[in-house]
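S.K.: Going down the list, the protein sequences come from chains A and B. Here the first sequence is numbered in my numbering, starting from 334 and rising by one per residue. Here the second sequence is numbered in my numbering, starting from 334 and rising by one per residue. For glycine and all other residues, C-beta sits at the position ideal for the given N, C-alpha and C. Just so we're clear, the structure is a prediction, and the values are computed from it rather than from any experiment.
Number of protein chains: 2
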Amino acid sequence: MDQADDRSWTITDLAEEYAVTLRTIRHYEDVGLLSPERRGTARVFHNRDRVRLALILRGKRLGFSLEEIATIVNMYDEQPGESGQLEYLLDQIAVRRRELEQRRRDIEDTLRELDAVERRCRDDLSALVGPAAGDGSRLR
Amino acid sequence: MDQADDRSWTITDLAEEYAVTLRTIRHYEDVGLLSPERRGTARVFHNRDRVRLALILRGKRLGFSLEEIATIVNMYDEQPGESGQLEYLLDQIAVRRRELEQRRRDIEDTLRELDAVERRCRDDLSALVGPAAGDGSRLR
DNA sequence: CCGGTGCTTTACGCTTACGTAAACGTAAGG
DNA sequence: CCTTACGTTTACGTAAGCGTAAAGCACCGG
C-alpha cells in the first residue's frame, strides 16, 4: 500500500486539506457518514475516514444529497453478506449507474451549448469592431 | 423550426410533461427563472418557457443551485450588449466549463468505482455457490 | 498556577427549495 | 344556478446542510 497507510489526521488537518469547515466534518459524523476514532474526546481520523470524506465531497459536487451519498459510500465497504443483500446491492449499483450516465449526458449537452454560446459571443464581440451578419441563434 | 413553434401550454401541461409540481413551476417564476405570459391571471407558457424549464431541470440534475442556474440560463439569451459585458460572459462560460469538466471527471471516476464494486459483488455472489478466493479489494 | 491553543459539545439560526393549507376566481357542463 | 375542474394568491411549514455563538475540557510553555 502507501508509505503511511496508518497515518492519522486531526479534524483540522482534514478540514484544511479538503477546504471544508470543522463544522462540516462534524456534521458528516452526526449523520453517520464519518466515524473517526476517539482518543478521549478528540477525533482521530485514519485513512479510511479520509477516503470517505473525499467520496462524500465528490458526491456533493455531483449534486447528491447526503442521504444518497450515504447509500453510495456504504456500498464501498459492505461485507459480502447473504445473496439477497448482494442482489439488492447490484440493483442499487445499476440505479446509480443510470443516474450518473444521465448526468454525463446532461454535461455533454451543456458543454456543447456553452460552445455555441461562446461562438455567438465571440461573433458579437468581433461585430463590435468590424460589423458583419449574425447567425440569429438566440433562444427565441 | 418546428411545426408548432407558437404552441402554448398551461402550467399543468408543463408540470405533467416534466414531472414536476405546479408549486415548483410557480416557484421558478417567483425567483425569476420563468416569466410566462399572463392572460388575465392565468399563466400561458410558450416554447421559450418550455425550453427554459428543460434547462432548469437539467441544471438541477447537475447539482446547480437555482441561482447558478439563473446565471447560466440567462447566458443563453443575453443581448449582444457592450464589449465589457461580453468579456464577462466569456469569463462566466469558462468558469462553468471548468466546473462541468470537473463534474464529468467525478462521474467517470465514480462509474469506474461502481464497476469495481459490482465485480467484487459478483465475485462474492458466486463464492456463495462455488467458493474460491476474493481479491481483498475492500475500502479498508 | 496561569494563560493560550486546540479541541470539544450543545443548541439555536439561517438559507434553499420547495410543500401545503386556506380561500378565492373563472369557465364549462348538466 | 350549482358543481366540477382548473387555475390563482398569500402565507406559514419543513427538511437539508451547514453557520455561529457560548461554554467548557485538556494539555503545553512560562
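Taking Trp342(A) as the reference, give the member of Asp382(A), Leu423(A), Leu395(A) with the closest Cα.
M.R.: The sequence position of residue 342(A) within the first sequence is 9, counting from 1. Selected option, being the one with the closest Cα: Asp382(A).
S.K.: Who are the neighbours of Ile389(B) on chain A, taking C-beta pairs under 8 Å?
M.R.: Here the question's residue 389(B) lines up with position 56 in the second sequence. The premise fails here: Ile389(B) is roughly 12 Å from chain A at the closest Cβ pair, so nothing lies under 8 Å.
S.K.: Taking the continuous beta strand (DSSP E) assigned at Ala375(A), which residues delimit it?
M.R.: Sequence index remark: in the first sequence, residue 375(A) carries index 42 (1-based). 375-377 is the extent of the beta strand (DSSP E) around Ala375(A).
S.K.: Check this for me: beta carbons of Leu395(A) and Arg445(A), under 8 Å apart or not?
M.R.: Taking the first residue of the first sequence as position 1, residue 395(A) is located at position 62. Taking the first residue of the first sequence as position 1, residue 445(A) is located at position 112. Against a cut-off of 8 Å, the Cβ pair of Arg445(A) and Leu395(A) comes out as no contact.
S.K.: I need the DSSP call for Glu432(A), collapsed to helix, strand or coil.
M.R.: Taking the first sequence and counting its residues from 1, one reaches residue 432(A) at position 99. Of the three classes helix, strand and coil, the one that applies to Glu432(A) here is helix, per DSSP.
S.K.: Along chain B, in chain order, which residues have C-beta atoms closer than 7 Å to that of Arg429(A)?
M.R.: Translated into the one-based positions of the first sequence, residue 429(A) becomes position 96. Neighbours of Arg429(A) on chain B, chain order: Leu447.
S.K.: Rounded to a whole number of angstroms, what is the C-alpha to C-alpha distance between Phe397(B) and Glu451(B)?
M.R.: Counted from its first residue, the second sequence places residue 397(B) at position 64. Counted from its first residue, the second sequence places residue 451(B) at position 118. Cα-Cα distance, rounded: 29 Å.
S.K.: Which residues does DSSP list as the beta-bridge partners of Arg371(A)?
M.R.: Here residue 371(A) is taken as the residue at index 38 of the first sequence, counted from 1. Answer is Arg376(A), bridged to Arg371(A).
S.K.: Need the endpoints of the alpha helix (DSSP H) that Asp363(B) sits in, please.
M.R.: Here the question's residue 363(B) lines up with position 30 in the second sequence. Unbroken alpha helix (DSSP H) run through Asp363(B): 355-363.
S.K.: Going by DSSP, what residue range makes up the alpha helix (DSSP H) through Asp293(B)?
M.R.: Outside the shown range of chain B, which is 334 to 473, sits residue 293(B), and nothing can be said about it.
S.K.: In three-state DSSP terms, what is Ala449(A)?
M.R.: For the purposes of this step, residue 449(A) is taken as the residue at position 116 of the first sequence. Looking at Ala449(A) - three-state DSSP - the assignment turns out to be helix.
S.K.: Got a sec: is the Cβ-Cβ distance from Pro413(B) to anything in chain A below 8 Å?
M.R.: For this step, residue 413(B) is matched to residue 80 along the second sequence. So yes, Pro413(B) belongs to the interface.
S.K.: Please name the residue in Ala387(B), Glu370(B), Leu447(B), Glu415(B) whose C-alpha comes closest to that of Glu349(B).
M.R.: For the purposes of this step, residue 349(B) is taken as residue 16 along the second sequence, with counting starting at 1. Among Ala387(B), Glu370(B), Leu447(B), Glu415(B), the Cα nearest to that of Glu349(B) is on Ala387(B).
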